[in-house]
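Asker:
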Amino acid sequence: MSITWGRESAARLGMSRREFLGFCTAMAASMGLSAVAGEAMAEAILAPRRPAVIWLALQECTGCTESMLRAEHPTLEKLILEIISLDYNEALMAGAGHQAEAARRASMAANHGKYVLVLEGAIPEKDGGIYCKIGGQTAKAMVLEAAAGAAAVIAIGSCASWGGMPSTPPNPTGCVGAPSIIKDKPVVTIPGCPPNPYNFLSTVVHFLTFGKLPELDHLGRPKFAYSRLIHENCERRAHFDNGRFAMEFGDAGHRAGYCLYRLGCKGPETYANCPSILFGDVGSGSWPVGTGHPCIGCTEQHVGFEKPIHALAALAGQTPPATYPRIVEEQGQGATLASAGVLVAVAAAAAGGGGMVMHNIGKREAESERDTRREEGK
Ligand code: FSX
Ligand code: SF4
Ligand code: F3S
Numbered sequence: 118m119s120i121t122w123g124r125e126s127a128a129r130l131g132m133s134r135r136e137f138l139g140f141c142t143a144m145a146a147s148m149g150l151s152a153v154a155g156e157a158m159a160e161a162i163l164a165p166r167r168p169a170v171i172w173l174a175l176q177e178c179t180g181c182t183e184s185m186l187r188a189e190h191p192t193l194e195k196l197i198l199e200i201i202s203l204d205y206n207e208a209l210m211a212g213a214g215h216q217a218e219a220a221r222r223a224s225m226a227a228n229h230g231k232y233v234l235v236l237e238g239a240i241p242e243k244d245g246g247i248y249c250k251i252g253g254q255t256a257k258a259m260v261l262e263a264a265a266g267a268a269a270v271i272a273i274g275s276c277a278s279w280g281g282m283p284s285t286p287p288n289p290t291g292c293v294g295a296p297s298i299i300k301d302k303p304v305v306t307i308p309g310c311p312p313n314p315y316n317f318l319s320t321v322v323h324f325l326t327f328g329k330l331p332e333l334d335h336l337g338r339p340k341f342a343y344s345r346l347i348h349e350n351c352e353r354r355a356h357f358d359n360g361r362f363a364m365e366f367g368d369a370g371h372r373a374g375y376c377l378y379r380l381g382c383k384g385p386e387t388y389a390n391c392p393s394i395l396f397g398d399v400g401s402g403s404w405p406v407g408t409g410h411p412c413i414g415c416t417e418q419h420v421g422f423e424k425p426i427h428a429l430a431a432l433a434g435q436t437p438p439a440t441y442p443r444i445v446e447e448q449g450q451g452a453t454l455a456s457a458g459v460l461v462a463v464a465a466a467a468a469g470g471g472g473m474v475m476h477n478i479g480k481r482e483a484e485s486e487r488d489t490r491r492e493e494g495k
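Just so you know, we're using my numbering here: the sequence shown kicks off at 118 and counts up by one.
Set out below in structure tokens:
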């Protein structure tokens, strides 16, 4: 790969040439693009031109900005801040008050038709939008004004994508996401609470390299990041398919890394690439399910923040085995494995499938004994 790698590039991007090229190739691959596209991306990142970015923070918790800044190696935040000219971001800029608002207006005027507008947070509409005002202007007016001169609009986080957490019923401020406000141009949505900064960076680099946005789905989400169910790429999937579930936080199944479906994991109805690209440290970081917590569906409207955490996910074409007993019963309560096995075998024999169920029950008994031995340190 031949790129223009100057002496100052390593210092500027915080990585070696080899790391940088590997990173660009991996980014292209994660977007379903070729190594040639990776080379074009590398050139675009190294080019001195930096698009102006106006980043408005509205009804939110600043988690989107935080997740971008807390990225580790390769230093995503350095890359992001190096390839864009972040002209306005309340959390990061030194100026405040009228000075900051003047800087925003000056940048919007100087870069009219060329800047990228990033929206973080929901936009309240109830009572004339008075529940979120900055510099005397409502969030809605500010968004419409900034969107008018933008070359591209990116709604980062679930709040900006559809309303997210602030829109949870009964939605006291009547807030909505950016696509409900901006109707005359496409809005890229990068949901997640917080979203993965890698998906944001990839979208920006795609725009920078090819002068257009990546392919989007019907909700405005880049297809490269949101076309697969979490359940499809989950490292616990084999446990789901074999009926091995954690039934309570801290039980033997949970400690053994079993599937979290019965603890309310929404992976089967949530589209995102969390298990593939992870958080924090791309390639060796972690993600909610990886740390033992069920996915709450934070990237999916009507799932994250609306469906109770304990509620079971809707399954599309996948049914977990329902015939397996719990891994560990509380003392003196519930059925034992043996008695549950007999009951299931009787029911299954009546349904004509006894042989396979008994086989599975026998397998599960052996596994359960092994778990108990592991738990007791034998
Ligand atoms: Fe917070 Fe962003 Fe959640 Fe929302 O991320 S992490 S509440 S999606 O707008 O700041
Ligand atoms: Fe993974 Fe959740 Fe699916 Fe289980 S239900 S396999 S933990 S995504
Ligand atoms: Fe959110 Fe689930 Fe990913 S909770 S961060 S969509 S694993």
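No residue lacks a Cβ here, since even glycine has one placed at the ideal position from N, Cα and C.
Touching or not, the segment 387–394 and the segment 311–319, by the rule of three or more beta carbon pairs under 8 Å?
Answerer: Enough Cβ pairs lie closer than 8 Å, so yes.
Asker: With arginine 129 and glutamate 199 assumed to form a contact (beta carbons below 8 Å), what rounded beta-carbon distance in angstroms separates them?
Answerer: Correct: roughly 6 Å between the Cβ atoms.
Asker: Does the contact criterion of 3 or more C-beta pairs under 8 Å hold for the segment 222–233 versus the segment 243–253?
Answerer: No, the segment 222–233 does not touch the segment 243–253.
Asker: Are the beta-carbon atoms belonging to isoleucine 347 and cysteine 412 less than 8 Å from one another?
Answerer: Yes, they are a contact pair.
Asker: Just to confirm my understanding: we take serine 126, look at its own chain, exclude 5 residues before and 5 after, and list those with CB closer than 8 Å. What are they?
Answerer: Around serine 126: Arg134, Phe137, Leu163.
Asker: Cα-Cα, which of Val420, Gly402, Ser184, Ile426 is closest to glycine 280?
Answerer: It is Val420 whose Cα lies nearest to the Cα of glycine 280.
Asker: With burial defined as no fewer than 16 other Cβ atoms inside 10 Å of the residue's Cβ, what is the status of serine 151: buried or exposed?
Answerer: Serine 151 should be labelled exposed.
Asker: Can you look up cysteine 292 in the DSSP assignment and give me helix, strand or coil?
Answerer: It is a strand residue.
Asker: Cβ of serine 284 within 8 Å of Cβ of valine 293?
Answerer: Contact: yes.
Asker: For proline 339, is the classification buried or exposed, using 16 other Cβ atoms within 10 angstroms of its Cβ as the cut-off for buried?
Answerer: The residue in question, proline 339, is buried, as its Cβ has 16 or more Cβ neighbours within 10 Å.
Asker: Is the shortest distance between the beta-carbon of leucine 186 and the beta-carbons of chain B less than 8 Å?
Answerer: Protein chain content of the structure displayed is limited to a single chain, and chain B is not contained in it.
Asker: Helix, strand or coil: how does DSSP classify lysine 329 here?
Answerer: Note: lysine 329 maps to coil in three-state DSSP.
Asker: Can you tell me the Cβ-Cβ gap for serine 319 and asparagine 350, rounded? I've got them flagged as a contact below 8 Å.
Answerer: Not a contact, Cβ separation roughly 17 Å.
Asker: What residues in its chain sit with their C-beta under 7 Å from that of isoleucine 81, if we drop five residues either side in the sequence?
Answerer: No information on residue 81 is available, as it lies outside the stretch 118 to 495 that the chain covers here.
Asker: Is it right to say histidine 356 is buried, meaning 16 or more other beta carbons lie within 10 angstroms of its own, or is it exposed?
Answerer: Classification of histidine 356: buried, given that the 10 Å Cβ count is 16 or more.
Asker: Any idea what DSSP makes of leucine 496, helix, strand or coil?
Answerer: Residue 496 lies beyond the stretch modelled for the chain, which goes from 118 to 495, so this question has no answer here.
Asker: Below 8 Å on the Cβ atoms is my guess for leucine 330 versus valine 305; work out the distance and round it to an integer in Å.
Answerer: Indeed they touch by this definition, with Cβ atoms about 6 Å apart.
Asker: My output table needs one value for threonine 182: the three-state DSSP class, helix, strand or coil.
Answerer: Helix at threonine 182.
Asker: Report, in whole angstroms, the separation of the C-beta atoms of alanine 272 and proline 296, which I expect to be a contact under 8 Å.
Answerer: Contact holds; Cβ gap of about 7 Å.
Asker: With a Cβ-Cβ cutoff of 8 Å, do proline 168 and serine 202 count as a contact?
Answerer: Yes, Cβ-Cβ distance for proline 168 and serine 202 is below 8 Å.
Asker: Look at methionine 210 and alanine 217 and say whether their C-beta atoms are less than 8 Å apart.
Answerer: Taking 8 Å as the Cβ cut-off, methionine 210 and alanine 217 qualify as a contacting pair.
Asker: Is it the case that the Cβ atoms of leucine 234 and alanine 264 are separated by a distance below 8 Å?
Answerer: Their beta carbons are under 8 Å apart, which means leucine 234 touches alanine 264 by this criterion.
Asker: By the 10 Å Cβ neighbour count, where 16 or more other Cβ atoms means buried, how is leucine 236 classified, buried or exposed?
Answerer: Classification of leucine 236: buried, given that the 10 Å Cβ count is 16 or more.
Asker: Aspartate 334: which of Ala342, Cys249, Leu196 sits nearest, CA to CA?
Answerer: If we check each option's Cα against that of aspartate 334, Ala342 comes out closest.
Asker: Looking at C-alpha atoms only, which residue of Asn288, Gly238, Ile251 is the closest neighbour of alanine 213?
Answerer: Residue Ile251 is the option with its Cα nearest to alanine 213.
Asker: Pick out whichever of Ala161, Thr121, Gly131, Gly274 has its Cα sitting closest to the Cα of valine 322.
Answerer: Checking every option, the nearest Cα to that of valine 322 belongs to Ala161.
Asker: Considering only the alpha carbon of each residue, which of Pro286, Trp172, Thr416, Glu352 lies closest to lysine 383?
Answerer: Of the candidates Pro286, Trp172, Thr416, Glu352, the one whose C-alpha sits nearest the C-alpha of lysine 383 is Thr416.
Asker: Say the cut is 7 Å; is the CB of glycine 214 nearer than that to a heavy atom of the ligand FSX?
Answerer: False, no ligand heavy atom lies under 7 Å from that Cβ.
Asker: For alanine 274 and glycine 238, what's the separation of their Cα atoms in angstroms?
Answerer: Checking the sequence shown, residue 274 turns out to be glycine, not alanine. One C-alpha to the other measures close to 7 Å.
Asker: Rounded C-beta distance between glycine 381 and alanine 428? I'm assuming under 8 Å.
Answerer: Confirmed, Cβ separation roughly 6 Å.
Asker: Mark proline 385 as exposed unless 16 or more other C-beta atoms lie within 10 angstroms of its C-beta, in which case mark it buried.
Answerer: Per the 10 Å Cβ criterion, buried.
Asker: How would you write the range of the alpha helix (DSSP H) that leucine 173 sits in, first residue to last?
Answerer: Looking at the DSSP string, leucine 173 is not in any alpha helix (DSSP H); the run it does join, the beta strand (DSSP E), is 169–174.
Asker: How many angstroms separate the CA atom of phenylalanine 302 from the CA atom of cysteine 376?
Answerer: For clarity, residue 302 is lysine in the given sequence; the question names phenylalanine instead. Answer to the nearest angstrom: the Cα atoms are 41 Å apart.
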